[in-house]
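**Student:** So that we are looking at the same thing, I have put the structure below in structure tokens.
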Amino acid sequence: MIAFAIAAFLAAGPAAETDHGLVLRAMELAAAAQAEGSAENLRMAARLLQATGAAPQEGTPDLAGEWMAAADAMDPQTEAAAPDRGRAVGPGYRRGVATPAGAVEFSEIFYAGQSATVSLQPTAEADLILQVTDSDGGEICQRSAQAASASCQWIPAWTAPYQITVRNTGARETAYYLVTN
């Protein structure tokens, strides 16, 4: 069933507007494929991520490439299909780990008058807080992400860097995925 859903999306080609949900879904599908040991589903998750146009943010590994390599290691007899080319401009993603009572901070530039979205998806049940502040320290958005994803969406008044903080209020280390447009 997962394979059919991914195949249908890939056959349709890249969407005009990339959906953060598809990027997060690709990450969930890859985790399930790795747990099942399914090289075929892992390759499909990699193709789905590539088809969204999402690219790794600076200093973050290329998950689609890692998934393809892992699928090849699981099943070297099955030939991987040629990768789809993503759009030149698209969302970015990063995989990170928040330590107990710790915070991870970085900044991203968002353009004035264009919808900005930041989505956080914990890989397991967690106590994570997603916070976005402007260059003056004013809070744009704060959301809680426990088992489900949390998103902040706004339209910036000016082109500027915005501070993104992932705070772990829990007692255990938590891995997460973060997607920006």
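Just so it is clear: in the sequence shown, position 85 is 67 by my numbering, and no numbers are missing.
Glycine is no exception: its CB is placed at the ideal position from the N, C-alpha and C atoms.
Only a predicted model underlies this, so the values are computations on that prediction, with no experimental measurement involved.
In whole angstroms, give me the CA-to-CA distance for Gln96 and Ile137.
**Tutor:** The residue you call residue 96 lines up with position 114 of the sequence shown. The residue you call residue 137 lines up with position 155 of the sequence shown. Their Cα atoms are separated by approximately 6 Å.
**Student:** If we ignore side chains and look at the alpha-carbon of each, how far apart do Gly74 and Ala27 end up?
**Tutor:** To locate residue 74, count along the sequence shown from 1; it is residue 92. To locate residue 27, count along the sequence shown from 1; it is residue 45. Their backbone Cα atoms lie some 16 Å apart in a straight line.
**Student:** For the beta strand (DSSP E) that Trp136 lies in, which residues bound it at each end?
**Tutor:** Taking the first residue of the sequence shown as position 1, residue 136 is located at position 154. Counting along the chain, the beta strand (DSSP E) containing Trp136 begins and ends at 132 to 136.
**Student:** Enumerate, from N- to C-terminal direction, the unbroken beta strand (DSSP E) stretches of 3 or more residues contained entirely within the segment 36 to 110.
**Tutor:** Listed in chain order, they are 74 to 80, 85 to 92, 98 to 104.
**Student:** Assuming contact is defined by CB atoms lying nearer than 9 Å, are Leu31 and Ala8 in contact in what I supplied?
**Tutor:** Along the sequence shown, read from residue 1 onward, the residue named residue 31 stands at position 49. Along the sequence shown, read from residue 1 onward, the residue named residue 8 stands at position 26. Yes, Cβ-Cβ distance for Leu31 and Ala8 is below 9 Å.
**Student:** Closest by CA to Arg77, which one among Tyr93, Glu48, Phe92, Ala94?
**Tutor:** On the sequence shown, position 95 is the one that residue 77 refers to. Looking at the Cα atoms, Glu48 is the closest of the given residues.
**Student:** Are Thr165 and Ala83 closer than 9 Å when you measure CB to CB?
**Tutor:** Residue 165 is absent from the model: the chain starts at -17 and stops at 163.
**Student:** Among Thr141, Gln124, Gly19, Glu40, which has the Cα closest to the Cα of Ser245?
**Tutor:** What is shown of the chain runs -17 to 163, which leaves residue 245 out entirely.
**Student:** Please state the DSSP three-state secondary structure of Arg125.
**Tutor:** In the sequence shown, counting from the first residue as 1, residue 125 sits at position 143. Here Arg125 sits in strand by DSSP.
**Student:** According to the Cβ coordinates, are Leu6 and Gln145 closer than 9 Å?
**Tutor:** The sequence position of residue 6 within the sequence shown is 24, counting from 1. The sequence position of residue 145 within the sequence shown is 163, counting from 1. Going by C-beta atoms, Leu6 is not nearer than 9 Å to Gln145.
**Student:** Reducing DSSP to helix, strand and coil, say where Arg149 ends up.
**Tutor:** As a first step, residue 149 must be located in the sequence shown, where it is residue number 167. It is a strand residue.
**Student:** I'd like the span of the beta strand (DSSP E) that includes Ala21, first residue to last.
**Tutor:** For the purposes of this step, residue 21 is taken as the residue at position 39 of the sequence shown. That residue, Ala21, is in no beta strand (DSSP E); its alpha helix (DSSP H) goes 21 to 34.
**Student:** Looking at the structure shown, is Ala139 part of a helix, part of a strand, or coil, going by DSSP?
**Tutor:** For the purposes of this step, residue 139 is taken as the residue at position 157 of the sequence shown. It is coil, neither helix nor strand.
**Student:** Which residues in the same chain as Glu161 place their Cβ atom closer than 6 Å to its Cβ, once the five residues preceding and following it in sequence are excluded?
**Tutor:** Taking the first residue of the sequence shown as position 1, residue 161 is located at position 179. Going by the sequence as given, residue 161 is Val instead of Glu. If we look at Val161 and ignore the five residues flanking it on each side, its Cβ neighbours are His2, Val5, Pro73, Tyr75, Ser101.
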